[in-house]
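Below: one structure, written as structure tokens.
Residue numbers (our numbering), protein chains in the order written: chain V, 265 to 758; chain E, 265 to 758; chain D, 265 to 758; chain B, 265 to 758.
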């Protein structure tokens, strides 16, 4: 292979005729390459070694598959010194606190916000449109109140439960989230290992930073995992992927059904537009520039429908199949009738439909509908909930309303970003401490003791609360003022 | 009478054995005088000419009645120059805007807040306890929505109505408020004159700064006025007062029944305590120091009850008698049964019971109860509302819910404080402009056209809104914070 | 015609005996001219070339009609140099971002707020009274939640629909808004052209800055437009106007019925009062000075009523006639019974009755009433909604609740002000992107698939939320404070 | 005993092999002592005289019992001068206001916040998890409105009542709170004395700073007190303690049943982590470090259950026994059926289950359930409420809803911290003033006159209000912003 120095590579930048980039030592010609996430994503790699940025967002082997025909040569020589990014540099702030001082899941989020580069922080933290759903996911839990019982022997608390027939140390699993390496170089591998240590199940994402083989290899002996699935327009690719999972002993397949298109997440979109780009991207071309989100979603098949379910069950070869992203009772019942093993009530972390209800609110609609089906039992068809779980008490509330377990996503990414694998372990430990305390104070020594009599959900559907705060309207609305203020007469006392 | 110079007077301050003060040129010995509002009120006048402070809060002739036995002599000589109060001095603020630039009732309040000394501002603006009721009075109106009708001929709008049989230019009167001179030297006289010019009725207060004779004399020929009444423990004094009103042609007597004791208004109380007074006023003596409020209320008879009503009607000698301060349907019905002419639904401007409902909310309870009485008609028994009326649309809402008219209090004081009589006139004109616009846009050309079909009051009883904001809890509560913030790690981005 | 220099003109200012102004090169004597919007509007043009200010607010040909009898001569010579206005000057702010970086409708509003002079910004952005209705229009949509369905084939999304029998690229039209040139020199012409490019219908305003002929001429061949109508007290003028519209092929006539008088919009009114005008405008004369709003509204006939409807239908000569500004079920039913083609549920952008409900809330009342009429069908009688639509999801919600289409007003003006015609196109494109995404994620590939089962409107009538925030009360209310704070004891920690 | 100088002691710090501390002149070896509150609590005393810190949190005689076997010698010589703590030093703030200027219970809290060291302030003021319950306790009262009656003779107001058969000057008692010396050196002794002076009952805490003998000895002759009880895993210790109480004439035993484990109070927990302690306390060991809370709770028996009640009644030897911490109707009924004398509806000051309801809300559920029991009477079985009582009107509301009396906790600690015994007296006097005013204005001259007709509790269960504000989410959530703001274009006007 032709040897190409950094100097030569630099001559093939975005304004050159032949535009090159290097990934893991191999130089590719990307001159007319149409990246599904928009040209800008490729443009900034041109003339440079793009390995670091590439690896944050893609499995290692993808570049070879996609750009294998465009290899120019191999990169050689010394990398020129650059100014290191100031993004994470010392900016007069204090020392990063120790992981042992984290006492709730928000602590990790605050660290992550400081630690992550903007692109990653905004990709992870953003929600759809006005982010009302994102905030509502959290707020909904605070509208459910608890009715503790007294004088129950709560000396011994047993939080363990069975999730899809698998033992879990508490009714919680780590749900699939895309692009773990944006948080930490260990990415999904650290999550896999932390899950094992904590005795919880991890749901491997389709849109991982690590390859599926790497993730599967990271399992401890006998460690159970689930897998999340985006169905590809090319069904044969999906079939191959699912069959690999089945062969590898994956314990459950969670098919994402709430994302035929990924939502508009404006914080993520904004990162495309740091500078005014007045000469390009005008007119109809704008849809190409929608940040990380757009870059990773183009292959999801929007035509997937109920008729595809038998095929999915077939290719799963015995793995239990679940639908992830159910948002009303009718669809939960349909899932039951189609022979699936359960559903995850989820709005995709508030990232899809901004006016969607929280999973926990949907749960209150779904359970009565399921229970009214003759022969229904939670053992045959399980209901999971994710979105907004930040406290042990939230787990209790979900279980009380009928959920088998809850999934957590962002807390995993934030604790990973803050302290790596150790952060995830600490974060799960906090959930355990909180749930144990909640169960003890509620008078419910085991998971089976928890039921609907312990919760007061009547405020759950109330939508007038703080979550509906409209930041964009606040940013543009000019409040009324008095004449005294307007003419500067009231600056003395007001 | 013995001549006493300012120098001699100054030797009789609060630490002297004989403590003197001068009021309107006469020097009195106030050594052991027990002021109903607390010793502090007298103490600060000792050794000084107290005329200015005295006249703000008392009728001219009161000092002679109360201290006539303690005259020491008459004040002579030149008043020594003092540093003028900086309270209203130029403090870098802009020029006071012209009265013509006031376009809503809040504009006057903002000016008054700047113009008034603290003592007056806090006396007028304060409410009971946490001032939730004070704010709720305003908020309640915003929870009533309107249903405008279209394609009605609204070329000519007639806002005039009849209040207690008297013509008024709109369904609004100026309600009684204490101590008008705290706002402006013309006090109640300016209000009387403005009411005439605007074609509205003024309800003369018992606790006026001007004497009742002065107020009555300020009437234009034929100008109708009402009078508010606090019943004195000494019934003969009340009888004499009421008979004078009747003889002077006062058109209605409004007996205040919501104030057997005046409420705790903390802003007003605080003004007693500018400095730490560590050596006096400890232990049980604290109740004596409760600001302007306490000073003026001590003579109100707390034993007044329903059995006194026949006597009141008798001494009113034909004047219609109303109860002011009714707050539930039962008492409105009792008033009707006792032969009274009507009631004012009022919580005393939020100054008495902090958890009381707004008058407009009580109206929605009272009207159905009255209408269910066989033979009831609004002509025989009228219902008024005060509290929180700041917009023409508020008048519309009250009338739609069944009120004959509304009373306004603080807007009168604030416009008086800002611009004197002219301010009040401008303020009423704004109410007229707003009501005319509202009636035109609602499709109701006359007052009689307004009824319950034009309002949506279903949100009226909702108490979860902004009005319940708890400022004292906010002032003492320390919000939770993340560890990152606590140790200074997050100062770079958050 | 007599030649008049700038110097001579300058001698005929507001204090001269003969007061002149020049419009488009012609000098007029405006000495005793009574402008319907108040003297101040004319006064500031006296002694100057008023062309620029005139043209913002009036059609070109109006001055000739109104002041044709008062021509003094023609303006000649060189315009003297003036200091350019600092209003829009460089004030240390950053560069204006490119149109391609706009990703939601609020982005345009934020740019417009910076770009527009105060007079225009306040005229466009203001609402009636406390602007609760203005904000509620937006907030109402956030209280409607969505119930997405899954596993529907949403590969192809078709947003197109029929509005009043006319094809539209999505269920949205550009509603009539007054005085487009305040936003941009191209005014209504730019809007007309952008509507064509985007495949949507524009409703031409009566109170346009361009003449109706100019607007009609700006249409592309075959481009359908609607026209909004204010009925003039002089019915012959209205008749002539409507007949011209009919002859010009206008596809629908929308008669505004919610504005027999324009509302009090205080931000707009304030612009009259920058300086204290202490010597003029006192007393009753104040009503003359109410900003742009007052200036343009004086000719609207407040006596228009249901009896005029047959005449309107007649002069429309076959154009479908709609009522714009209906706010309750009764009036929608009356419109149906009077043979009209439909109604727009609208509160005039929150600019008329501050306590009015949002159009979307009224829709939930109107549709059941209409559907209960035997023989009613949405094809025969269409219902539109405007007010507060800022997201594609808002369109979805309105359609789900029964609307044929929605109108947008301020987003058009703000995008026009920010980037001219291109801004409007971009803004509509964003609505399309958002609606397409919403339809895909909701599982509704065509407009016909959208129905009431997809929405949860139970929170719609809840009025306790953020929208009722009372800025004027906040501006005047002084919160309670603790004694520790008051005396400065708590400055160390609180 | 061996004499040990301060210098020698200092050589036995946390890094020495033999770790010593001195308490009250005695030096102990604490090398491997496992403090129930975590090692850190002991570590900071090593090498020092720990008397001051010890005495804040423990009864005097405890150290001898626990460390009696580890005595090393006695401390001699002069204490070396240290820099005095800056915590309470002069930091430019104003003078502490006089106790006479306190006019509501919040005033004391604001002083306490300034006066207390962080450890004490956070221990007292903290609540569980997100402190929603803590704030809700206060907010719940503001959602109950009052219906005052008029024209009742309210000259004489009698607030006195009977609590558990004992005369009290008002329906209020001082509830048990732990560690009074953290507030003031006089600790529980000052509270005991203030209770006597004010004519109210004090409930002695188990977790007191003073010994139970000291507290009992501080009683005035004939002064009635209650005692709170945490049941120890070692039942014989509890039995001995209770028998001592019974013999000492304690009038009622309140068994705390809502704290089988003390809650997670994060402000308290944070005080363990001022510095990053990166080398210790990792992994599973974290549960040992949970502040004051953890340190004092380890001996509470979590296995206590209904079967233990007969034993408790037996060992109480005739003292009435109550359950403190009941939170639903079922448990109140069970308490009645188990022969107890009553219950305290309490959520432990918001310190246990963050989603718990306020006591006052639970009261509205409990009273109807009790009243439906045949033969139930409030004399036989009393219901008390604590949590969030800060105003006299709150007492009125609780009594109106059926409570016999209310307990106050933090106001006692805060007034004690601010001004010692005198502060508590003043604070109770304010409650009396407020309750007297409330009863007068409500038209209820005696406690017996108060009933459910005077309250409107329909908003009590509404959970959408201000109390649910989520400070941690606010601390981590990044609000959306417009592009104009993001690129600095809008800094001129916004």
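The C-beta atom is built at its ideal place from N, Cα and C for all residues, glycine as well. None of the values given here were measured: they were computed from a predicted structure.
From the DSSP secondary-structure annotation, give me the bridge partner or partners of residue i.
i: residue 366 of chain B; result: In the DSSP output, where bridge partners are listed per residue, residue 366 of chain B has none listed.
i: residue 409 of chain V; result: V/720
i: residue 426 of chain E; result: E/431
If the cut is a Cβ gap below 8 Å, which residues of chain E does residue i touch?
i: residue 739 of chain D; result: 370, 374
i: residue 569 of chain D; result: 415, 416, 417
Determine the burial state of residue i: buried for a count of at least 16 other Cβ atoms within 10 Å of its Cβ, exposed for fewer.
i: residue 385 of chain E; result: buried
i: residue 709 of chain E; result: buried
i: residue 548 of chain D; result: Residue confidence is low: residue 548 of chain D scores 34 on pLDDT, short of 50, so the model does not pin down where it sits. No coordinate-derived value is stated.
i: residue 284 of chain D; result: buried
i: residue 679 of chain V; result: buried
i: residue 712 of chain D; result: exposed
i: residue 282 of chain D; result: exposed
i: residue 479 of chain V; result: buried
i: residue 352 of chain E; result: Residue confidence is low: residue 352 of chain E scores 39 on pLDDT, short of 50, so the model does not pin down where it sits. Its coordinate-derived value is still stated next. Exposed: under 16 other Cβ atoms inside 10 Å.
i: residue 268 of chain B; result: buried
i: residue 622 of chain D; result: buried
Could you tell me whether any Cβ in chain C is nearer than 8 Å to the Cβ of residue i?
i: residue 725 of chain B; result: Considering every chain present, this structure includes no chain C. Its protein chains are V, E, D and B.
For the putative contact between residue i and residue j, defined by C-beta atoms under 8 Å, what is the C-beta separation to the nearest angstrom?
i: residue 433 of chain D; j: residue 462 of chain D; result: 7 Å
i: residue 662 of chain V; j: residue 624 of chain V; result: 6 Å
i: residue 367 of chain D; j: residue 327 of chain D; result: Not a contact, Cβ separation roughly 42 Å.
i: residue 664 of chain E; j: residue 589 of chain E; result: At roughly 23 Å, the Cβ-Cβ gap does not stay under 8 Å, so residue 664 of chain E and residue 589 of chain E are not in contact.
i: residue 572 of chain B; j: residue 392 of chain B; result: The Cβ separation is near 25 Å, so there is no contact.
So residue i contacts chain D; which residues on that side make the cut at Cβ distance below 7 Å?
i: residue 736 of chain E; result: 744, 746
Residues of chain D with CB closer than 8 Å to the CB of residue i, please, in chain order.
i: residue 408 of chain E; result: 619
Could you list which residues in chain B have their beta carbon closer than 9 Å to that of residue i, in chain order?
i: residue 759 of chain V; result: For chain V, the structure presents residues 265 to 758; residue 759 of chain V sits outside this window and is missing.
Mind listing the chain V neighbours of residue i? Cutoff is C-beta to C-beta under 8 Å, in chain order.
i: residue 528 of chain B; result: 367, 697, 698, 701
Anything in chain E within Cβ reach of residue i, meaning under 7 Å, just list it in chain order.
i: residue 358 of chain V; result: 751, 752, 753
Inset, instruction - Could you say if the segment 401 to 415 of chain B and the segment 708 to 727 of chain B meet the contact criterion of at least three C-beta pairs nearer than 8 Å? - result: yes
Inset, instruction - Examine the Cβ distances between the segment 701 to 717 of chain D and the segment 679 to 689 of chain D and report whether three or more of them are shorter than 8 Å. - result: no
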